[in-house]
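See below for the structure under consideration.
There are 2 protein chains.
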Amino acid sequence: MPSSAAAKSAAGLDLDRFLPYRLSVLSNHVSDAIAKIYSERFRLSIPEWRVMAVLGGTPGLSARDVAERTAMDKVQVSRAVDTLVRAGRAARSADAEDGRIQRLALTAKGRAIYDEVVPLALHLEEVFLSALSPAERRQLDALLAKLARRAHLLVVAETA
Amino acid sequence: MPSSAAAKSAAGLDLDRFLPYRLSVLSNHVSDAIAKIYSERFRLSIPEWRVMAVLGGTPGLSARDVAERTAMDKVQVSRAVDTLVRAGRAARSADAEDGRIQRLALTAKGRAIYDEVVPLALHLEEVFLSALSPAERRQLDALLAKLARRAHLLVVAETA
DNA sequence: GGCAATTAGTTTCATTTGAAACTATATTGG
DNA sequence: CCAATATAGTTTCAAATGAAACTAATTGCC
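Protein chains in written order, with our numbering: chain A, 477 to 636; chain B, 477 to 636.
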């Protein structure tokens with residue numbers, strides 16, 4: 477019965493069971509909750525915070541490095557860095573060897589914000605994860621790792 | 477040792493282990509891969525596809541209903557519906573009882589697209605999920621349900 | 001050494017987005 | 001019944017976004 481199978485498959489798209497949809501809604505809710513912390517208290521946009529997050533952990537990166545690690549594009553990074561520098565939260569310095577590159581780092585002011593936001597972000601993550609038992613957290617970690625690997629393969633394959 | 481604890485927590489934000497970041501990257505990769513299917517083949521934007529996805533399953537919804545089910549805002553829905561109607565893929569009809577409401581549904585043309593996209597979307601979902609065993613899929617389903625419930629609570633709590 | 005091709009980063013411009021204002025209809029309290 | 005309030009949906013306007021063009025520095029190749 478091919479025709480009834482086709483009808484069934486079309487009727488069968490239940491958004492609440494559809495993985496891409498579930499992931500998107502969940503991710504947006506989590507991001508929004510976190511964004512609230514830093515946008516309200518520190519006047520930071522999401523891209524700005526992402527840049528600060530990597531620079532806080534690894535100072536001296538170039539803009540390209542930051543783009544790579546945050547999965548942002550270079551235009552976004554450029555603009556976020558610009559805003560951070562003008563706010564005195566990050567600084568650019570010339571690279572000794574390559575004149576095209578700028579080494580980026582948080583200023584003392586930027587680091588002070590970083591040191592305040594990080595515990596808040598980790599706390600909120602903990603609030604989320606406290607919905608799960610330790611065993612479930614390990615499961616989640618493993619599942620996300622597998623899915624991320626698969627997703628990465630697909631994206632790369634499609635682009636190539 | 478409060479100061480060393482603070483220093484440690486700040487140093488401890490590893491993006492690759494940070495749940496909000498992992499979810500965001502994964503979700504974007506999955507959405508991008510799916511978006512490719514319908515944007516290229518059918519000239520559909522993501523909001524347009526979301527509207528079609530709910531109307532395909534449940535015709536006769538109002539714009540507000542659609543917004544609720546897709547987690548989109550009403551402006552986005554209004555614009556997506558407008559585009560769909562102008563493309564002859566969806567139609568509005570007056571509600572018999574409430575003059576403010578428009579009942580939305582796919583046209584034959586819209587349904588033909590829906591019936592083509594749904595199997596493609598389900599197939600791609602299956603490709604993603606094939607990274608997991610049946611037992612792992614059940615785990616994922618349960619974990620996402622718990623996290624979604626928790627996330628929903630947080631978002632509602634913050635807004636209130 | 002010097003010209004072509006790359007790479008880092010910025011700028012420009014058209015499109016997308018979302019908040020707030022607006023129109024039109026419906027409901028509620030007096 | 002009618003004024004005040006609420007709801008459905010659209011429009012407007014300013015800000016965010018991303019693709020493509022651009023500038024500047026570097027590398028590779030002959």
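The beta-carbon is built from N, C-alpha and C at its ideal position, and this holds for glycine as well.
Predicted model, so just to flag it, every value in this text is computed and none were measured.
Grouping DSSP H, G and I as helix and E and B as strand, with all else coil, what is residue i?
i              : result
R576 (chain A) : coil
R626 (chain B) : helix
R637 (chain A) : The shown model of chain A, from 477 to 636, leaves out residue 637 (chain A), and the question about it has no answer.
L605 (chain B) : helix
A547 (chain A) : coil
A588 (chain A) : helix
A581 (chain A) : strand
L537 (chain B) : strand
R519 (chain A) : coil
A556 (chain A) : helix
A563 (chain B) : coil
D660 (chain A) : With chain A running from 477 to 636 in the structure shown, residue 660 (chain A) is simply not present.
Tell me which residues share the same chain as residue i and place their Cβ nearer than 7 Å to its Cβ, disregarding the 5 neighbours each side in the sequence.
i              : result
L600 (chain A) : A509, I510 and I513
H505 (chain B) : none
L605 (chain B) : R613
L499 (chain B) : none
Within a Cβ cutoff of 6 Å, which residues of the same chain sit near residue i, ignoring the five residues on either side of it in sequence?
i              : result
K550 (chain A) : A543
V501 (chain A) : none
D492 (chain B) : none
Closer than 8 Å by C-beta to residue i: which residues in its own chain qualify, once you throw out the five before and the five after it? Chain order, please.
i              : result
V557 (chain A) : V527, A539, V542, A566, R568 and L580
G536 (chain B) : R579, L580 and A581
R587 (chain B) : G532
T559 (chain B) : S521 and E524
Y497 (chain A) : L491
Going straight from the alpha carbon of residue i to that of residue j, what length do you get?
i              : j              : result
R625 (chain A) : R576 (chain B) : 48 Å
V603 (chain B) : L630 (chain A) : 9 Å
L598 (chain A) : Q552 (chain A) : 25 Å
I589 (chain B) : S521 (chain A) : 38 Å
S609 (chain B) : L619 (chain A) : 10 Å
K585 (chain A) : W525 (chain A) : 14 Å
A529 (chain B) : L489 (chain B) : 38 Å
T583 (chain B) : G564 (chain B) : 7 Å
V561 (chain B) : S554 (chain B) : 11 Å
R607 (chain A) : L495 (chain A) : A small fix is needed here, since residue 607 (chain A) is Ala in this sequence, not Arg. Taking the straight line joining both Cα atoms gives about 20 Å.
L623 (chain B) : E573 (chain B) : 39 Å
M548 (chain A) : A570 (chain B) : 44 Å
T546 (chain B) : S507 (chain A) : 17 Å
E612 (chain B) : D617 (chain A) : 12 Å
K484 (chain A) : T534 (chain B) : For K484 (chain A), the pLDDT reaches just 39, beneath the cut-off of 50, and the residue's location in the model is therefore unreliable, leaving the point undetermined.
H628 (chain B) : R614 (chain B) : 21 Å
S503 (chain A) : A621 (chain A) : 16 Å
In chain B, which residues lie with their C-beta within 8 Å of the C-beta of residue i?
i              : result
A611 (chain A) : Residues of chain B passing the Cβ test: none, with the nearest at roughly 10 Å.
E601 (chain A) : F494, L495 and P496
R545 (chain A) : L491
Just to make sure I have the definition right: I need the residues of chain A whose C-beta is within less than 7 Å of the C-beta of residue i. Which are they?
i              : result
I510 (chain B) : P496
S507 (chain B) : P496 and S500
L582 (chain B) : Neighbours of L582 (chain B) on chain A: none; closest Cβ ~11 Å, over 7 Å.
Mind listing the chain B neighbours of residue i? Cutoff is C-beta to C-beta under 7 Å, in chain order.
i              : result
K550 (chain A) : Here the premise fails: no neighbours, minimum Cβ distance about 17 Å.
Q615 (chain A) : Q615 and L619
R626 (chain A) : F604 and A607
S503 (chain A) : L499, S500 and S503
K585 (chain A) : Chain B residues near K585 (chain A): none, gap ~15 Å exceeds 7 Å.
L623 (chain A) : L502, F604 and A607
L560 (chain A) : Here the premise fails: no neighbours, minimum Cβ distance about 17 Å.
In chain B, which residues lie with their C-beta within 9 Å of the C-beta of residue i?
i              : result
R519 (chain A) : Correct list: empty, because the minimum Cβ distance to chain B is about 18 Å.
A529 (chain A) : L489, L491, F494 and Y497
Going along chain A in order, which residues have a C-beta closer than 8 Å to the C-beta of residue i?
i              : result
V542 (chain B) : Those within 8 Å of V542 (chain B) in chain A number zero; the least Cβ separation is about 11 Å.
L533 (chain B) : Rather than Leu, the amino acid found at residue 533 (chain B) in this sequence is Gly. Going along chain A in sequence order, the residues near G533 (chain B) (Cβ under 8 Å) are A487, L489, D490 and L491.
A652 (chain B) : Since the first and last residues shown for chain B are 477 and 636, residue 652 (chain B) lies out of range.
> On the three-pair Cβ rule with 8 Å, is the segment 514-525 of chain B touching the segment 586-596 of chain B?
Replying inline: yes
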